[in-house]
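Numbered according to numbering that gives the first Met the number 0, the sequence shown terminates at residue 287, and the numbering increases by one at each position without gaps.
Data block below; observations after.
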Amino acid sequence: MGEAEVKALPVWTGEIKIWPLTGGITNRNFGVEQDDGRRFAVRLGKDIPEHGVMRFNEQAAARAAARAGLSPEIYYTAPGVMVSRLLAGRTLSPEEIRAPANLPRVAALIKQCHTGLGPYLQGPILAFWVFHINRSYGAALRGNRSSLDGQLERLLGLNDMLERRMGLVEVVFSHNDLLAGNIFDDGARLWLLDWDYAGFNSSLFDLANLASNNGFGPQHDAALLEAYFGRPPGAAVWDGFRVSQCASLLRETLWSAVSEITSKLDFDYAAYTAENLARFEGALAGLG
């Protein structure tokens, strides 16, 4: 789908202008402006079963997030199509997320997702259990050539070890893809965007995923956990957080290895796999 399909959607009143929006590895995004000045974001994307991206789940999460005040209003959905209000502002950078002025705001946004979104969910919803996802990636990689050839069984054994160490968790509805590009600042408040990987998960995964994706150091980790929980974290929270960081980095490594095989994008996935594998090994070495 492209601009012609966007123009044909049964939601517009009057003449419209259409332009592509940047970003979006799993989808295509367009901005639309009607002649009355109203502006919309159009998101087009098919299911990607190998990565667990199912558009019915994304749309259900986005609708609930809009009702909860976390994401902009949704005006229209159809299979593979979602139309929402186009926000004015910009996404944050990793450096801005780590800034002392912003980190408590981001922690509050994640807390709102975990505690405030669930009551607005309707219909079937996926889980995002990272250890299961990693095993699924492992099954997809067996018998296919990727840059992880020769290391896969060791990595899957480590995944099982991490799952056992994680133990019991607090289950919440999580975003599960906390890249800086998914946190938006309109100048007055923060918004959470892009619910491709949303699902029920451990509360610690979003925190660890945010840290792993945005270059956190130990001081940022401590500030994030204290802001989220309202008190300095205890030993059990720290251990679950570090296990979740390892699992998140392993998932990113395996995601990239599968993308080496399946993706049609012009992107050096093999280099990205190697980068995340090195980060995983470093986090694992620090686990103790």
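No residue lacks a Cβ here, since even glycine has one placed at the ideal position from N, Cα and C.
Own chain partners of residue i with C-beta closer than 6 Å, once the 5 adjacent residues on each side are dropped
| i | result |
| --- | --- |
| D176 | Y196 |
| F39 | V31, V82, L85 |
| A67 | G115, L116, Y119 |
| R27 | L43 |
| L253 | N133, Y136 |
Backbone CA spacing between residue i and residue j [nearest angstrom]
| i | j | result |
| --- | --- | --- |
| I124 | L43 | 20 Å |
| I47 | M53 | 6 Å |
| L155 | R141 | 11 Å |
| T272 | S255 | 5 Å |
| K282 | N56 | A quick correction: the sequence has Ala, not Lys, at residue 282. So the alpha carbons of these two residues sit roughly 31 Å apart. |
| W237 | R144 | 36 Å |
| S243 | F204 | 5 Å |
| G285 | L189 | 32 Å |
| P217 | G287 | 15 Å |
| R241 | M165 | 9 Å |
| T25 | L161 | 28 Å |
| V171 | G115 | 10 Å |
| I17 | P9 | 15 Å |
| E95 | K6 | 36 Å |
| E72 | P231 | 35 Å |
| L223 | L276 | 24 Å |
| D193 | D148 | 32 Å |
| A100 | T261 | 40 Å |
| G1 | H219 | 41 Å |
Span of the beta strand (DSSP E), counted from its first residue to its last, around residue i
| i | result |
| --- | --- |
| F39 | 38-43 |
| L8 | Run containing L8: none; DSSP gives neither H nor E here. |
| G281 | G281 -> not in any beta strand (DSSP E); alpha helix (DSSP H) instead, spanning 268-284. |
| L20 | 15-20 |
| G30 | 27-33 |
Other residues of its chain near residue i: CB distance less than 7 Å, five sequence neighbours each side excluded
| i | result |
| --- | --- |
| A269 | S146, E259 |
| C293 | The displayed coordinates of the chain run from 0 to 287. Any statement about residue 293 would go beyond what the structure contains. |
| A139 | E49, V257 |
| S92 | A179 |
Spatially closest choice to residue i from the options, by CA coordinates
| i | options | result |
| --- | --- | --- |
| T106 | V257, G79, P9, L206 | Looking at the sequence provided, one finds Ala at residue 106 rather than Thr. For A106, the nearest C-alpha among the options comes from L206. |
| N133 | W11, S262, I182, D159 | D159 |
| G233 | L248, D267, A221 | A221 |
| A61 | S173, K6, M165, H131 | S173 |
| A87 | S70, Y75, A98, P99 | S70 |
| S202 | L249, P231, Y136, C112 | C112 |
| R97 | D185, N28, R89, G214 | G214 |
| A63 | F29, N181, L191 | L191 |
| F279 | P231, G229, A210, A235 | A210 |
| A59 | E49, H50, Y75 | Y75 |
| P19 | V41, R37, W11 | V41 |
| F228 | A65, I109, L91 | I109 |
| V168 | R104, G239, A187 | G239 |
N- and C-terminal bounds of the alpha helix (DSSP H) containing residue i
| i | result |
| --- | --- |
| I47 | Per DSSP, I47 belongs to no alpha helix (DSSP H) and is neither H nor E. |
| R241 | 234-261 |
Contacts around residue i, its chain only, beta-carbon distance under 8 Å, and the 5 residues preceding and following it disregarded
| i | result |
| --- | --- |
| A126 | G198, F199, N200 |
| L248 | S211, N275, R278, F279, A282 |
| G300 | The chain is shown only over 0 to 287; residue 300 falls outside these bounds and no answer can be derived. |
| E225 | P231, P232 |
**Asked** Unbroken beta strand (DSSP E) runs of length 3 or more, entirely within the region 50-138: which are they?
**Response** Taking 3 residues as the minimum length, the beta strand (DSSP E) runs contained wholly in the region 50-138 are 73-77, 80-84, in order along the chain.
**Request:** Output the residue ranges of the beta strand (DSSP E) runs that lie fully inside the region 132-217 and measure 3 residues or longer, sorted by chain position.
**Result:** 170-173, 182-184, 189-191, 198-201, all fully within the region 132-217.
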